[in-house]
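A.B. asks:
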Amino acid sequence: HKPDPILVADNVTRRFGGIAAVDVGHFEIERHGITALIGPNGAGKTTFFNLMTGFDKPDTGTWQFDGNDLASVSSEKVARMGMVRTFQLTKVMNRLTVLDNMLIGAPDQPGEGMLRSLFPMLWKSREKEIITQAESLLDRFLLLKKKDDYAGSLSGGQRKLLEMARALMSNPQLVMLDEPMAGVNPALKQSLLDHIVALRDEGTSVLFVEHDMNMVRHIADWVTVMAEGKIVAEGPPRDVMNDPAVVDAYLGAH
Ligand code: ATP
51 HKPDPILVAD NVTRRFGGIA AVDVGHFEIE RHGITALIGP NGAGKTTFFN
101 LMTGFDKPDT GTWQFDGNDL ASVSSEKVAR MGMVRTFQLT KVMNRLTVLD
151 NMLIGAPDQP GEGMLRSLFP MLWKSREKEI ITQAESLLDR FLLLKKKDDY
201 AGSLSGGQRK LLEMARALMS NPQLVMLDEP MAGVNPALKQ SLLDHIVALR
251 DEGTSVLFVE HDMNMVRHIA DWVTVMAEGK IVAEGPPRDV MNDPAVVDAY
301 LGAH
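Residue numbers (the UniProt record's numbering): 51 to 304.
See the structure below:
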């Protein structure tokens, strides 16, 4: 057990027909750390990830996020509580500008609808704040010059950066990234890695699912290995990735 986990999962199972896609006894994400979730194709990583972020319902299991019970909480509520995710295939809106994509990421605050209709001046100043935040994140992710371009004109890697920047609009405590390196060209890879490390150093907790072992080796503080729905090994990257049993059985060619 970790000293200060931000997310704790117990006895989580998810079956599809006869297959236990996920059967996890205990799992934790340490606060202010970078945790990697790895394992061969079909190990159950994406399913587990979807369960943790409220995009799928488990058959059994309990969760706590920052000390709060997460059972039967919707994905929107999970996001408002401070946990956001990105997708393996980005969900950027191609027909909106880069800036508008960012504004979608700003969570609606309670009462914001009323503010908009009854107090337009107050709403204007709130809107300005949101735009300033969006522009400063775009600047950080090297996308500010593209803010008025359609998101559809970005490269695959830039779309990944945009999705990550958008996720940060809600000032999350925990960011969960589904294969952040997939489809990203080598030039942008390093900058993505730097962004993730910077997030951690600023106090955000990060979980990522990834096949890119180079990335895991370089930035993960903790690695959890899944196979056939179960957690089969975990520890600091050096220990886990040099463990011959893990290398042979679970990492295969990766
Ligand atoms: P990859 O690395 O290829 O993304 P993964 O580790 O993310 O794999 P999952 O996609 O979670 O693995 O799949 C785990 C198991 O659950 C697989 O056997 C898969 O076929 C099965 N599975 C996942 N989603 C469904 C579904 N919606 N219906 C039926 N079976 C599913």
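Glycine is no exception: its CB is placed at the ideal position from the N, C-alpha and C atoms. If you're wondering where the values come from, they're calculated on a predicted model, not measured in any experiment.
Suppose the cutoff is 6 Å on Cβ atoms and the five residues either side in sequence are ignored; what does the same chain contact list for residue 135 look like?
C.D. replies: Same-chain partners within the cutoff: 103 and 226.
A.B. asks: For the ligand ATP, I want to know if residue 219 counts as a neighbour, meaning its beta carbon is within less than 8 Å of at least one of the ligand's heavy atoms.
C.D. replies: No, the Cβ of residue 219 stays beyond 8 Å of every heavy atom of the ligand ATP.
A.B. asks: Are residue 85 and residue 257 close, meaning C-beta to C-beta below 9 Å?
C.D. replies: It is a contact, given that the beta carbons lie within the stated cut-off.
A.B. asks: Does DSSP put residue 249 in a helix, a strand or coil?
C.D. replies: Correct three-state label for residue 249: helix.
A.B. asks: Measure how close the beta-carbons of residue 168 and residue 241 come, nearest whole angstrom, since I'm counting them as under 8 Å.
C.D. replies: Not a contact, Cβ separation roughly 43 Å.
A.B. asks: Between residue 303 and the rest of its own chain, which residues show a CB-CB distance below 7 Å, the 5 nearest in sequence each way excluded?
C.D. replies: Its pLDDT being 46, under 50, residue 303 is placed unreliably in this model, and the value from its coordinates should be taken loosely. None.
A.B. asks: With a threshold of 8 Å on Cβ separation, who are the neighbours of residue 253 within its own chain once the five nearest residues in sequence on each side are excluded?
C.D. replies: Taken in chain order, the residues that qualify are 82.
A.B. asks: Output yes or no for whether 9 Å exceeds the beta carbon distance between residue 155 and residue 220.
C.D. replies: Yes, the Cβ-Cβ distance between residue 155 and residue 220 is below 9 Å.
A.B. asks: Bridge partners of residue 86, per DSSP?
C.D. replies: Paired residue(s): 258 and 273.
A.B. asks: Does the distance between the C-beta of residue 95 and the nearest non-hydrogen atom of the ligand MG fall short of 8 Å?
C.D. replies: The ligand MG is not among the ligands present in this structure, which contains only the ligand ATP.
A.B. asks: Taking 9 Å as the CB-CB cut-off, is residue 219 touching chain D?
C.D. replies: Absent from the structure: chain D. Only one protein chain is present.
A.B. asks: Label residue 66 either buried or exposed according to how many other C-beta atoms from any shown protein chain fall within 10 Å of its C-beta, with 16 as the threshold for buried.
C.D. replies: Residue 66 is exposed by the Cβ-count criterion.
A.B. asks: From the DSSP output, in three-state form, read off residue 288 for me.
C.D. replies: DSSP places residue 288 in helix when its eight states are reduced to three.
A.B. asks: Confirm, please, whether the CB-CB distance from residue 119 to residue 63 is below 9 Å.
C.D. replies: Result no, Cβ atoms of residue 63 and residue 119 do not sit closer than 9 Å.
A.B. asks: Under DSSP, the beta strand (DSSP E) around residue 72 begins and ends at which residues?
C.D. replies: First-last of the beta strand (DSSP E) with residue 72: 69 to 80.
A.B. asks: I'd like to confirm something about residue 105: is its beta-carbon nearer than 8 Å to some heavy atom of the ligand ATP, or not?
C.D. replies: Checking every heavy atom of the ligand ATP against the Cβ of residue 105, none is found closer than 8 Å.
A.B. asks: With a Cβ-Cβ cutoff of 9 Å, do residue 131 and residue 105 count as a contact?
C.D. replies: Not closer than 9 Å, so no.
A.B. asks: For residue 235, is the classification buried or exposed, using 16 other Cβ atoms within 10 angstroms of its Cβ as the cut-off for buried?
C.D. replies: Residue 235 should be labelled exposed.
A.B. asks: Can the beta-carbon of residue 80 be found less than 9 Å from the beta-carbon of residue 205?
C.D. replies: Not a contact, by the Cβ cut-off of 9 Å.
A.B. asks: In whole angstroms, give me the CA-to-CA distance for residue 173 and residue 180.
C.D. replies: Distance between the alpha carbons of residue 173 and residue 180: 10 Å.
A.B. asks: Go through the segment 144 to 193 residue by residue and report every complete run of the alpha helix (DSSP H) that reaches 4 residues or more, in order.
C.D. replies: List check, alpha helix (DSSP H) in window: 148 to 154, 162 to 168 and 170 to 190.
A.B. asks: With a 10 Å radius around its C-beta and 16 neighbouring C-beta atoms as the bar for buried, classify residue 148 as buried or exposed.
C.D. replies: Buried, by the Cβ-count rule.
A.B. asks: Please report the distance separating the alpha-carbon of residue 239 from that of residue 76.
C.D. replies: Those two C-alpha atoms are separated by around 32 Å.
A.B. asks: Between which two residues does the beta strand (DSSP E) containing residue 27 stretch?
C.D. replies: It is not possible to answer for residue 27, since the shown part of the chain is limited to 51 through 304.
A.B. asks: Give me, in chain order, the residues of the same chain whose beta-carbon lies closer than 8 Å to that of residue 296; leave out the 5 immediate sequence neighbours on both sides.
C.D. replies: Closer than 8 Å at the Cβ level, and outside the excluded window around residue 296, lie 275, 282, 283 and 290.
A.B. asks: Could you give the distance in angstroms between the alpha-carbon of residue 189 and the alpha-carbon of residue 199?
C.D. replies: Cα to Cα, the separation comes out at about 14 Å.
A.B. asks: Excluding the five sequence neighbours on either side, which residues of its own chain have a C-beta within less than 6 Å of the C-beta of residue 224, listed in chain order?
C.D. replies: For residue 224, where only same-chain residues beyond five positions count, the Cβ hits under 6 Å are 56, 133 and 255.
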